[in-house]
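Peer 1: Let me begin by handing over the structure; questions about it come next.
Number of protein chains: 2
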Amino acid sequence: MDTAPPLSPTDRSTVRRGAKRARTDRADLHAVLDAGLVGHLGVVLDGAPVVLPTGYGRRDDTLYLHGSTGAATLRAAATGGPVCFTVTHLDGVVYARSAFHHSVNYRCAVVHGTARTVEDPQEKLLGLETLTEHLAPGSWTATRPPDRRELAATVVLALDLTEASVKIRTGPPGDDERDVPAAGDPDPVWAGVLPISTVLGEPQPCPLLPPGTAAPSRVTGRVLSPPG
Amino acid sequence: MDTAPPLSPTDRSTVRRGAKRARTDRADLHAVLDAGLVGHLGVVLDGAPVVLPTGYGRRDDTLYLHGSTGAATLRAAATGGPVCFTVTHLDGVVYARSAFHHSVNYRCAVVHGTARTVEDPQEKLLGLETLTEHLAPGSWTATRPPDRRELAATVVLALDLTEASVKIRTGPPGDDERDVPAAGDPDPVWAGVLPISTVLGEPQPCPLLPPGTAAPSRVTGRVLSPPG
Chain G
0 MDTAPPLSPT
10 DRSTVRRGAK
20 RARTDRADLH
30 AVLDAGLVGH
40 LGVVLDGAPV
50 VLPTGYGRRD
60 DTLYLHGSTG
70 AATLRAAATG
80 GPVCFTVTHL
90 DGVVYARSAF
100 HHSVNYRCAV
110 VHGTARTVED
120 PQEKLLGLET
130 LTEHLAPGSW
140 TATRPPDRRE
150 LAATVVLALD
160 LTEASVKIRT
170 GPPGDDERDV
180 PAAGDPDPVW
190 AGVLPISTVL
200 GEPQPCPLLP
210 PGTAAPSRVT
220 GRVLSPPG
Chain R
0 MDTAPPLSPT
10 DRSTVRRGAK
20 RARTDRADLH
30 AVLDAGLVGH
40 LGVVLDGAPV
50 VLPTGYGRRD
60 DTLYLHGSTG
70 AATLRAAATG
80 GPVCFTVTHL
90 DGVVYARSAF
100 HHSVNYRCAV
110 VHGTARTVED
120 PQEKLLGLET
130 LTEHLAPGSW
140 TATRPPDRRE
150 LAATVVLALD
160 LTEASVKIRT
170 GPPGDDERDV
180 PAAGDPDPVW
190 AGVLPISTVL
200 GEPQPCPLLP
210 PGTAAPSRVT
220 GRVLSPPG
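Line by line, the protein sequences are chains G and R.
Start counting the first sequence at 0; every next residue gets the next number (numbering that gives the first Met the number 0).
Start counting the second sequence at 0; every next residue gets the next number (numbering that gives the first Met the number 0).
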């Protein structure tokens, strides 16, 4: 059960466009974040936005991000500049009876804030475990843990989920009444939704594995989170 | 055949991290953009980055974006502020023998620049046609075109693909030699790739359609672009 307080939007996290699509339940935010594997991190570098795909993992209301100490976007985030982290799932193409009302069904979480560089060694390991388990459940204990050199080469950032918004569109097109033909029209324009989903394929073993090595259940039994 | 010049990266579009994953062929840029439906637009608002999912369409080396005249991010982009537009495809989870070398296979295009607000009525219609046909091929001619009020409510932006970079990761994990066990290890850690793909489902007709209205081939016959 999710007992966290509801999302309390600040000015910039208030959904203005399509406000009827906004959700204010923190459980919706968690569900959208947990269902994704990669988000888009935005930072400002030399006055211009830079948006790059980034892995992440959530623990309660903290989002952990990580990257190389050599990555300029990570450095910008690590030095206390404002960041925006967005996770989007595309759930369908919405075909309408007018070009204008074409749309997409989607779930989107947007987090604003300032990231904190995780310096504490215990929390850094916890952050990396959270990230690894989000990307590949079961891998943290099944594989070699990071050594000192690897830890030194990795920046782990923590981003509070305090200032966040969620938008979700579902359902059929929102056509104008004038565009919906009366019953009996012999040739109505088709309208509806073409669903889109993300699926996992057959595991492809590394060529360096001994032939016949079976993939473990943490890989073969993996399921992606369905739409909330 | 793609005869455009190769990507000539500027300082900020030069891929620094994982440079061996960088592509410099303009055809790669086009392929990554064409295979996506939604990108992430980053702008700077009050000094902070804002990253939102945005539809788009490509015509030669121009990317068209659109949105409501009421959207703050679109307004920021329309008034000449710097933008970053990123399209990412997630192709697989890369399971390594160490936590550190876990990764993802992906294709990502990042475009930097300044958007131009399309004022010319002819180009605005062309931009909207490009956007509509990218999202829903065949819809532009099959559905009611935008009227004057709808055109006035819509901002169309044009973004040149001059300053752009492409990164693509494919293939098995890049494990350290020390982590790959010698032949004969009775219980090797599984490593490999779990492929991820995006699939289309069965069309869901709008409840306002007369029962039995068949979905047209522009919907039922649609295929998503496969990975380059």
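We treat Cβ as the ideally placed atom computed from N, Cα and C, and that holds for glycine.
For clarity, every value in this text was computed on a predicted model and none was experimentally measured.
Is the region 120-129 of chain R touching the region 79-88 of chain G in the sense that three or more CB pairs, one from each, lie closer than 8 Å?
Peer 2: no
Peer 1: Sort G:V179, G:C205, G:P215 by Cα distance to R:P209 and report the nearest one.
Peer 2: For the purposes of this step, residue 209 of chain R is taken as residue 210 along the second sequence, with counting starting at 1. Of the listed residues, the one whose Cα sits closest to R:P209 is G:V179.
Peer 1: Quick one: list the residues of chain A neighbouring G:G79, beta-carbon separation under 8 Å, in chain order.
Peer 2: Here chain A cannot be found, since the structure's protein chains are G and R.
Peer 1: In whole angstroms, what separates the C-alpha of G:G35 from that of R:S102?
Peer 2: Walking along the first sequence from the start, residue 35 of chain G turns up at place 36. Walking along the second sequence from the start, residue 102 of chain R turns up at place 103. So the two alpha carbons sit approximately 15 Å from each other.
Peer 1: What separation, rounded to the nearest whole angstrom, lies between the Cα atoms of G:G227 and G:D27?
Peer 2: Position 228 of the first sequence, counted from the start, is the residue given in the question as residue 227 of chain G. Position 28 of the first sequence, counted from the start, is the residue given in the question as residue 27 of chain G. Because the pLDDT of G:G227 is 48, which lies under 50, any placement of that residue in the model is unreliable, and the number read from its coordinates should be weighed accordingly. Looking at the two C-alpha atoms, the distance is approximately 8 Å.
Peer 1: Quick one: using the 10 Å Cβ neighbour count with 16 as the cut-off for buried, is G:A3 buried or exposed?
Peer 2: Numbered from 1 along the first sequence, position 4 holds the residue referred to as residue 3 of chain G. Its pLDDT being 48, under 50, G:A3 is placed unreliably in this model, and the coordinates cannot settle the point.
Peer 1: If the criterion is Cβ atoms closer than 8 Å, does the pair R:A163 and R:V110 meet it?
Peer 2: Stepping through the second sequence from its first residue, residue 163 of chain R is reached at position 164. Stepping through the second sequence from its first residue, residue 110 of chain R is reached at position 111. Contact flag set, yes.
Peer 1: Among all the DSSP beta bridges, which residues are the ones paired with R:L156?
Peer 2: Locating residue 156 of chain R in the second sequence gives position 157, counting from the first residue. The partner list for R:L156 (beta bridge, DSSP) reads R:L64, R:T116.
Peer 1: Between G:H29, G:G66, G:T212, G:G191, which lies nearest to G:A152 when the distance is taken from Cα to Cα?
Peer 2: Stepping through the first sequence from its first residue, residue 152 of chain G is reached at position 153. It is G:G66 whose Cα lies nearest to the Cα of G:A152.
Peer 1: For G:V37, count neighbouring C-beta atoms within 10 Å of its own C-beta (all shown protein chains included) and say buried if the count is 16 or more, exposed if not.
Peer 2: For the purposes of this step, residue 37 of chain G is identified with residue 38 of the first sequence, where counting begins at 1. Counting Cβ neighbours within 10 Å, G:V37 comes out buried, since at least 16 surround it.
Peer 1: Indicate whether at least one CB of chain G lies closer than 8 Å to the CB of R:R58.
Peer 2: For the purposes of this step, residue 58 of chain R is identified with residue 59 of the second sequence, where counting begins at 1. Not closer than 8 Å to any Cβ of chain G, the Cβ of R:R58 fails to qualify, so no.
Peer 1: Does G:P210 come out as helix, strand or coil in the three-state DSSP assignment?
Peer 2: Translated into the one-based positions of the first sequence, residue 210 of chain G becomes position 211. G:P210 falls in the coil class under three-state DSSP.
Peer 1: Answer with buried or exposed for G:R148, where buried requires no fewer than 16 other C-beta atoms within 10 angstroms of its C-beta.
Peer 2: Indexing the first sequence from 1 puts residue 148 of chain G at position 149. The residue is exposed, with fewer than 16 neighbouring Cβ atoms inside 10 Å.
Peer 1: When the distance is taken between beta carbons, is R:T23 closer than 8 Å to G:V188?
Peer 2: Taking the first sequence and counting its residues from 1, one reaches residue 188 of chain G at position 189. Taking the second sequence and counting its residues from 1, one reaches residue 23 of chain R at position 24. For G:V188 and R:T23, no; Cβs fall outside 8 Å.
Peer 1: From G:A214 to G:T68, what does the alpha carbon distance come to, in whole angstroms?
Peer 2: Locating residue 214 of chain G in the first sequence gives position 215, where the first residue counts as 1. Locating residue 68 of chain G in the first sequence gives position 69, where the first residue counts as 1. So the alpha carbons of these two residues sit roughly 32 Å apart.
Peer 1: Express the C-alpha separation of R:D184 and G:A108 in angstroms, rounding to a whole number.
Peer 2: Here residue 108 of chain G corresponds to residue number 109 of the first sequence, with the count starting at 1. Here residue 184 of chain R corresponds to residue number 185 of the second sequence, with the count starting at 1. Taking the straight line from one Cα to the other gives about 44 Å.
Peer 1: If we ignore side chains and look at the alpha-carbon of each, how far apart do G:P120 and R:A30 end up?
Peer 2: If you number the first sequence from 1, residue 120 of chain G lands on position 121. If you number the second sequence from 1, residue 30 of chain R lands on position 31. The straight-line gap from Cα to Cα measures roughly 42 Å.
Peer 1: Nearest by alpha-carbon distance to G:V50: which of R:V117, R:L156, R:H133, R:G112 is it?
Peer 2: The count along the first sequence starts at 1 and reaches residue 50 of chain G at position 51. Of the listed residues, the one whose Cα sits closest to G:V50 is R:G112.
Peer 1: Opposite G:T87 in the DSSP bridges: which residues?
Peer 2: On the first sequence, residue 87 of chain G is found 88 positions in, with the first residue counted as 1. Beta-bridge analysis with DSSP links G:T87 to G:C107.
Peer 1: Using a C-beta to C-beta distance shorter than 9 Å, which residues of chain R count as neighbours of G:Q203?
Peer 2: Working through the first sequence from its first residue, we reach residue 203 of chain G at position 204. Within 9 Å Cβ-Cβ: G91, P171, G191, V192, L193, P194.
Peer 1: Which class does G:V224 belong to by DSSP, given the choice of helix, strand or coil?
Peer 2: Within the first sequence, residue 224 of chain G is the residue found at index 225, counting from 1. The identity of residue 224 of chain G in the sequence shown is Ser, whereas the question assumes Val. It is coil, neither helix nor strand.
Peer 1: At what residue ranges does the region 29-66 of chain R contain a whole run of the beta strand (DSSP E), taking only runs of 3 or more?
Peer 2: With a minimum length of 3 residues, the continuous beta strand (DSSP E) runs that stay inside the region 29-66 of chain R are 37-44, 47-58.
Peer 1: Is the CB of R:P215 under 8 Å away from at least one CB in chain G?
Peer 2: Along the second sequence, read from residue 1 onward, the residue named residue 215 of chain R stands at position 216. Chain G contact via Cβ: present.
Peer 1: Mind listing, in chain order, the continuous alpha helix (DSSP H) runs of no fewer than 4 residues lying wholly within the region 118-182 of chain R?
Peer 2: If one requires a minimum length of 4 residues, the alpha helix (DSSP H) runs lying completely within the region 118-182 of chain R are 120-134, 138-141, 147-151, in chain order.
Peer 1: Residues in the same chain with beta-carbon distance under 8 Å from R:P171, minus the five sequence neighbours each way, listed in chain order, please.
Peer 2: Position 172 of the second sequence, counted from the first residue, corresponds to residue 171 of chain R. Only V93, A190, G191, V192 meet the Cβ criterion.
Peer 1: Which residue comes first and which comes last in the beta strand (DSSP E) that contains R:L199?
Peer 2: Counting from 1 along the second sequence, the entry for residue 199 of chain R is found at position 200. Here the beta strand (DSSP E) through R:L199 covers 191-199.
Peer 1: Could you give the residue range of the alpha helix (DSSP H) that holds R:T78?
Peer 2: Counted from its first residue, the second sequence places residue 78 of chain R at position 79. Premise fails: R:T78 is in no alpha helix (DSSP H) and is neither H nor E.
Peer 1: Would you give the residue range spanned by the alpha helix (DSSP H) that R:S97 belongs to?
Peer 2: On the second sequence, position 98 is the one that residue 97 of chain R refers to. Run containing R:S97: none; DSSP gives neither H nor E here.
Peer 1: Between R:T53 and G:L158, what straight-line distance do the alpha-carbon atoms span, to the nearest angstrom?
Peer 2: The residue labelled residue 53 of chain R in the question sits at position 54 within the second sequence. The residue labelled residue 158 of chain G in the question sits at position 159 within the first sequence. About 24 Å.
Peer 1: Got a sec? Which residues, its chain only, sit under 8 Å from G:V44 by beta carbon, not counting five neighbours each side?
Peer 2: In the first sequence, the residue the question calls residue 44 of chain G occupies position 45. Note that residue 44 of chain G corresponds to Leu in the displayed sequence, not to Val. Correct list, in chain order: A71, T72, A75.
Peer 1: Can you find the residues in the same chain that come closer than 7 Å, C-beta to C-beta, to G:D1, ignoring five residues on each side of it along the sequence?
Peer 2: Stepping through the first sequence from its first residue, residue 1 of chain G is reached at position 2. Confidence in G:D1 is poor, its pLDDT being 38 and thus under 50, which makes the residue's placement too unreliable to answer from.
Peer 1: Whose C-beta lies closer than 6 Å to the C-beta of G:G41 among residues of the same chain, with five residues either side of it excluded?
Peer 2: The residue you call residue 41 of chain G lines up with position 42 of the first sequence. Short of 6 Å from the beta carbon of G:G41, and not among the five residues preceding or following it, lie these beta carbons of its own chain, in chain order: P48, V50, C83.
Peer 1: Could you tell me whether any Cβ in chain R is nearer than 8 Å to the Cβ of G:L28?
Peer 2: Indexing the first sequence from 1 puts residue 28 of chain G at position 29. Closer than 8 Å: no.
Peer 1: Check the Cβ of G:A182 against every Cβ in chain R and list those closer than 7 Å, keeping chain order.
Peer 2: Against the first sequence, residue 182 of chain G aligns to sequence position 183. The contacting residues are P209.
Peer 1: Taking the DSSP output, what are the residues bridged to G:P202?
Peer 2: If you number the first sequence from 1, residue 202 of chain G lands on position 203. G:P202 pairs with nothing; no bridge assigned.
Peer 1: Out of G:S138, G:P136, G:L150, which has the shortest C-alpha to C-alpha gap to G:L124?
Peer 2: Within the first sequence, residue 124 of chain G is the residue found at index 125, counting from 1. When each option's Cα is compared against that of G:L124, the closest is G:L150.
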